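Undergrad:
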Amino acid sequence: MQNKIKIIISISLILVVSYLINIALKDDIKEIEKAVYSLNQPFTKIAYIKLLDNNQAIVFYEHDSANIDYFGNIRLKKNIFGWKLGNGSSSQTANDHKLGWSFSNLKYDFSKYTDVLSGKILDSEIKEVFVVSKNNKGYQAKIVKYNNGERFWYLITDGEELPGSTITGLSIDGKIIEEIKM
Numbered sequence: 384m385q386n387k388i389k390i391i392i393s394i395s396l397i398l399v400v401s402y403l404i405n406i407a408l409k410d411d412i413k414e415i416e417k418a419v420y421s422l423n424q425p426f427t428k429i430a431y432i433k434l435l436d437n438n439q440a441i442v443f444y445e446h447d448s449a450n451i452d453y454f455g456n457i458r459l460k461k462n463i464f465g466w467k468l469g470n471g472s473s474s475q476t477a478n479d480h481k482l483g484w485s486f487s488n489l490k491y492d493f494s495k496y497t498d499v500l501s502g503k504i505l506d507s508e509i510k511e512v513f514v515v516s517k518n519n520k521g522y523q524a525k526i527v528k529y530n531n532g533e534r535f536w537y538l539i540t541d542g543e544e545l546p547g548s549t550i551t552g553l554s555i556d557g558k559i560i561e562e563i564k565m
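Numbering-wise, our numbering comes out as the position in the sequence shown, counting from 1, plus 383.
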């Protein structure tokens, strides 16, 4: 009887360890993509996946609904069962501007990070995006190319709150193409 219990416990332990190893070895990018596409938003295209520390990620994506383009982000966390969707937001791509933008507060999703600003770059002259916070701290946003030459920008902060910031799209020679005050 004791041998049977030992065998059952051993087999159970092997199965649990095998499952955990399988989860750990899965391709994070593919698992994140699968989670995002599970949203079932029409014509979703992932622009970029930003892996953060502590099994956290932000996915920047666009989707189309009723012939209106949207750009947004969604936050994900990895647990023992894989990548799980968190909060997210998207906003309509503003065709009457040269620089799109949207804001998301990250404090409730990720304890280490404060805010994220992001948006599509809609003017080919814009080569740089600069953000100045209401506390006069300046940040150069990261620009990412995706989908055959489309571009977007993002800035993630880890302490600086971004509401009230000024976002500036600059040409290669520093000329202001578009300036937005939040």
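Where a beta carbon is used, it is the ideal one built from N, C-alpha and C, also for glycine. No experiment lies behind these values; they were computed from the predicted model shown.
Helix, strand or coil for Tyr522? Go by DSSP, reduced to three states.
TA: Three-state DSSP puts Tyr522 in a strand.
Undergrad: Would you mind working out which of Lys495, Asp452, Tyr444 sits nearest Ile429, comparing C-alpha positions?
TA: When only C-alpha atoms are compared, the closest one is Tyr444.
Undergrad: Assign Tyr444 to one of three DSSP states: helix, strand, or coil.
TA: Correct three-state label for Tyr444: strand.
Undergrad: How is the beta strand (DSSP E) around Lys428 delimited, first residue to last?
TA: Looking at the DSSP string, the run of the beta strand (DSSP E) that includes Lys428 is 428-435.
Undergrad: Assess contact between the stretch 552-564 and the stretch 495-512, defined as three or more Cβ pairs (one per stretch) separated by less than 8 Å. Is contact present?
TA: Contact between the stretch 552-564 and the stretch 495-512 is present, because at least three Cβ pairs lie under 8 Å.
Undergrad: Can you tell me where the beta strand (DSSP E) holding Ile463 begins and where it ends?
TA: Per DSSP, Ile463 belongs to no beta strand (DSSP E) and is neither H nor E.
Undergrad: Secondary structure at Asn478, three-state DSSP: helix, strand or coil?
TA: Here Asn478 sits in coil by DSSP.
Undergrad: Under 8 Å by Cβ, that's how I've got Val419 and Ile457 pegged, so tell me the actual separation to the nearest angstrom.
TA: Confirmed, about 6 Å.
Undergrad: Please classify Phe426 as buried or exposed, where buried requires at least 16 neighbouring CB atoms within 10 angstroms.
TA: Classification for Phe426: exposed.
Undergrad: According to DSSP, is Asp556 part of a helix, a strand, or is it coil?
TA: Note: Asp556 maps to coil in three-state DSSP.
Undergrad: Whole angstroms is fine: what's the gap from Ser455's alpha carbon to Gly521's?
TA: A quick correction: the sequence has Gly, not Ser, at residue 455. Going from the Cα of Gly455 to the Cα of Gly521 covers about 23 Å.
Undergrad: Assuming Gly588 and Ser485 make a contact with CB atoms under 8 Å, what is their CB distance in whole Å?
TA: Beyond the ends of the chain as shown, which are 384 and 565, falls residue 588; an answer cannot be given.
Undergrad: Is the Cβ-Cβ distance between Val499 and Tyr529 less than 8 Å?
TA: Their beta carbons are not under 8 Å apart, which means Val499 does not touch Tyr529 by this criterion.
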